[in-house]
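Peer 1: Submitted below is the structure of interest, expressed as structure tokens.
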Amino acid sequence: MSIPVELLVRDAELLVVDGAREIPGGWVAVDGGRVTAVGAAGTEPEAGTTVSAAGRLVTPGLINTHHHIYQNLTRSYAPAVNGTLFDWLTTLYPLWAALDEEAAYVSAYVGMAELLMGGCTTSSDHLYVHPRPGLVDAEIRAARDIGFRFHATRGSMTRSVEDGGLPPRSVTQTEDEVLADSERLIKTHHDPEPGALIRVALAPCSPFSVTKELMTATAELAERHDVRLHTHLAEDHDEDTYCLETYGCRPVEYFEEAGWMSDRTWVAHCIYPNDAELRRLAAAGVGVAHCPSSNMLIGGGTARVKEMRELGLPVGIGCDGSASTDHASLWMETRGALLLGRYRGGPGAMTARDALDIATRGSARCLGRADEIGHLRPGACADLVVWDLHEVALAGALSDPVEAWLRCGPARAWTTVVAGRVLVDRGEPVLPGLRDALTDHGRIARRMQELV
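Laid out in structure tokens, this is it:
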């Protein structure tokens, strides 16, 4: 008698294994947190637990390559919603100076629940304000309590207003403090083993908030410990002006001079590189986190995703900050990528499958994990989503479940599985601490926004 697998997701209308293979009526078998087999209807193994995906699309879990989860404490903050990027930042920095361990924990817990509901099974997070110690540790604790796959990036800012930067002194640190805590976090939390749930990367915030010396020292530290690098790059025309005035060069040249032009690196936004800079980034293997909603809400440009992919750059999807995008749905971001791609390049420039590939395999490449997440081939981490669209929204969509998934919407995760564990069931998070986290979140958000 064969031994049952731990979990079987079966009877999918369509199972997307990866960009090259789809199985109508497919199933996925899971054991030990890994995909053990996939197949067509009628060949399913016995299972301890079975999830029906009848009439629904099943895909690999979506992967978020850029986020600022703590910002869900100041979502849709009225004094900042209509400003430029720099206006928005300078309005919110003083509020974020109140961030402490409790706020970091509950914002992460709530943010990860929201990500799971939007079909995200792996997320990075760029926490770059550090008015108090222990904030990244608090986020990691939330991820562990949930069982979420999490890439914490230790952000930093060292150039305050007094030093010619944008942030106030209250949210910046010295270079020695940043480097010491970066090394501590790697040694304490980074798991380099296959299948890891927690990894750490290093992430100075931007060219206008840290010194070149810190950028260089951070790249050297990442090399020594074999961790990845992340930052914002070429996000705004004001950044071009700032770098030319401060460093005498454009942002990509500064980035290269600081030792960051490497396949260890992925960057957020990358809206304004010129053609030559884009080719240099591609040749180095630098990845890009494309953040469609943030780009549109702040009113700037957007990444040239089609050209980037044609050049071979890894391109993934990012939610960006919860106070600029104001949601954490990877489904919405993936749909945004589809719409922006077609808006920029015409109807042939982007398909739903292209957008799904960016949000799965492209994002996995950005995080350096293309071998084990972003697909459902046997041996992959068992991170997958069963998608639900209401029958009214799907009425008439009979010919292509993947196109219908992004075009018809809104879609939500009916079942979200991370490392073989069901964390969203029938559209609701299976997280025992969520109610308390939401209560605490409301109290902290009101205090931070000075509404009490």
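Our numbering applies: residue 328 is where the sequence shown begins, and numbers increase by one.
Glycine included, each C-beta is placed from N, C-alpha and C at the ideal position.
The alpha helix (DSSP H) that contains His564, what's its start and end?
Peer 2: Counting along the chain, the alpha helix (DSSP H) containing His564 begins and ends at 564-574.
Peer 1: Where does Trp587 fall in DSSP's three states?
Peer 2: Three-state DSSP puts Trp587 in coil, outside helix and strand.
Peer 1: Please report the Cβ distance between Ser690 and Thr392, rounded to the nearest whole angstrom; I am assuming they are in contact, meaning their Cβ atoms lie under 8 angstroms.
Peer 2: That belief holds up - the Cβ atoms of Ser690 and Thr392 are roughly 5 angstroms apart, short of 8 angstroms.
Peer 1: Given Glu586, which residues of its chain have a CB within under 6 angstroms of its CB, disregarding the five upstream and five downstream residues?
Peer 2: Contrary to the premise, residue 586 reads as Gly rather than Glu in this sequence. So the list reads Thr543, Ala546, once near-sequence residues are dropped.
Peer 1: Could you tell me the distance, in whole angstroms, from the CA atom of Val498 to the CA atom of Ala772?
Peer 2: When rounded, the distance between both Cα atoms is 18 angstroms.
Peer 1: Decide if the segment 707-719 is in contact with the segment 734-746; the criterion is three or more beta carbon pairs, one per stretch, under 8 angstroms apart.
Peer 2: Contact between the segment 707-719 and the segment 734-746 is present, because at least three Cβ pairs lie under 8 angstroms.
Peer 1: Does the Cβ of Ala682 have 16 or more other Cβ atoms within 10 Å, making it buried, or fewer, making it exposed?
Peer 2: Buried is the call here.
Peer 1: My output table needs one value for His717: the three-state DSSP class, helix, strand or coil.
Peer 2: Looking at His717 - three-state DSSP - the assignment turns out to be coil, as it is neither helix nor strand.
Peer 1: Can you tell which of Thr538, His617, Val579 has the C-alpha that lies nearest to the C-alpha of Met659?
Peer 2: Closest by alpha carbon: His617.
Peer 1: Select from Asp338, Ala470, Phe477 the residue whose C-alpha is nearest the C-alpha of Gly760.
Peer 2: For the residues Asp338, Ala470, Phe477, the minimum Cα distance to Gly760 belongs to Ala470.
Peer 1: Does Glu777 come out as helix, strand or coil in the three-state DSSP assignment?
Peer 2: In this structure, Glu777 counts as coil in the three-state DSSP scheme.
Peer 1: Does the Cβ-Cβ distance between Phe477 and Ser509 come in under 8 angstroms?
Peer 2: For Phe477 and Ser509, no; Cβs fall outside 8 angstroms.
Peer 1: Checking the sheet assignment: what are the DSSP bridge partners for Glu755?
Peer 2: For Glu755, which the question treats as bridged, DSSP gives the partners Asp752.
Peer 1: Within the continuous beta strand (DSSP E) that includes Arg636, where are the two ends?
Peer 2: Arg636 -> not in any beta strand (DSSP E); alpha helix (DSSP H) instead, spanning 632-638.
Peer 1: Note down, in chain order, each residue of its chain lying with its Cβ closer than 8 angstroms to the Cβ of Thr418, except the 5 sequence neighbours on either side.
Peer 2: Closer than 8 angstroms at the Cβ level, and outside the excluded window around Thr418, lie Tyr404, Pro406, Ala407, Gly410.
Peer 1: For Gly445 and Asp563, I'd like the C-alpha separation in whole angstroms.
Peer 2: Rounded to the nearest angstrom, the two C-alpha atoms are 28 angstroms apart.
Peer 1: Can you confirm whether the segment 717-725 touches the segment 568-586 when touching is taken to mean that 3 or more C-beta pairs between the two stretches lie within less than 8 angstroms?
Peer 2: Cβ pair count under 8 angstroms is below three, so no.
Peer 1: Per DSSP, what kind of secondary structure is Arg526 in: helix, strand or coil?
Peer 2: In the structure shown, Arg526 sits in a strand (DSSP, three-state: E or B).
Peer 1: Since I believe Gly352 is in contact with Ala339 (beta carbons under 8 angstroms), could you give me their beta-carbon distance rounded to a whole number of angstroms?
Peer 2: That pair is a contact at about 7 angstroms.
Peer 1: In chain order, what residues of the same chain lie with their CB nearer than 6 angstroms to the CB of Leu412, ignoring the 5 residues before and after it?
Peer 2: Correct list, in chain order: Asp563, Ile625.
Peer 1: Which residue's Cα is closest to the Cα of Gly280: His596, Tyr455, Trp354, Leu556?
Peer 2: Past the boundaries of the shown model lies residue 280; the chain is included only from 328 to 779, so the question cannot be answered.
Peer 1: Can you have a look at Arg688 and say buried or exposed, based on whether 16 or more other CB atoms are within 10 angstroms of its CB?
Peer 2: So Arg688 ends up on the buried side.
Peer 1: Pop quiz: Gly673 and Gly643 are said to be a contact at Cβ under 8 angstroms. What is the actual Cβ separation, rounded to whole angstroms?
Peer 2: The pair is not a contact, with the Cβ atoms about 23 angstroms apart (cut-off 8 angstroms).
Peer 1: In the structure shown, what three-state DSSP assignment does Leu694 receive?
Peer 2: The answer is coil: DSSP assigns Leu694 none of H, G, I, E or B.
Peer 1: Per DSSP, what kind of secondary structure is Leu711 in: helix, strand or coil?
Peer 2: Leu711 falls in the strand class under three-state DSSP.
Peer 1: Leaving aside the five residues before and after Ala549 along the sequence, list all residues of the same chain whose C-beta is less than 8 angstroms from its C-beta, in chain order.
Peer 2: Around Ala549: Ala528, Leu529, Arg555, Leu556, Arg591.
Peer 1: Pick helix, strand or coil for Asp653, following the three-state DSSP scheme.
Peer 2: Correct three-state label for Asp653: coil.
Peer 1: For Ile513, which residues in the same chain have their Cβ closer than 7 angstroms to its Cβ, ignoring the five residues on either side in sequence?
Peer 2: Closer than 7 angstroms at the Cβ level, and outside the excluded window around Ile513, lie Val527, His552, Val554.
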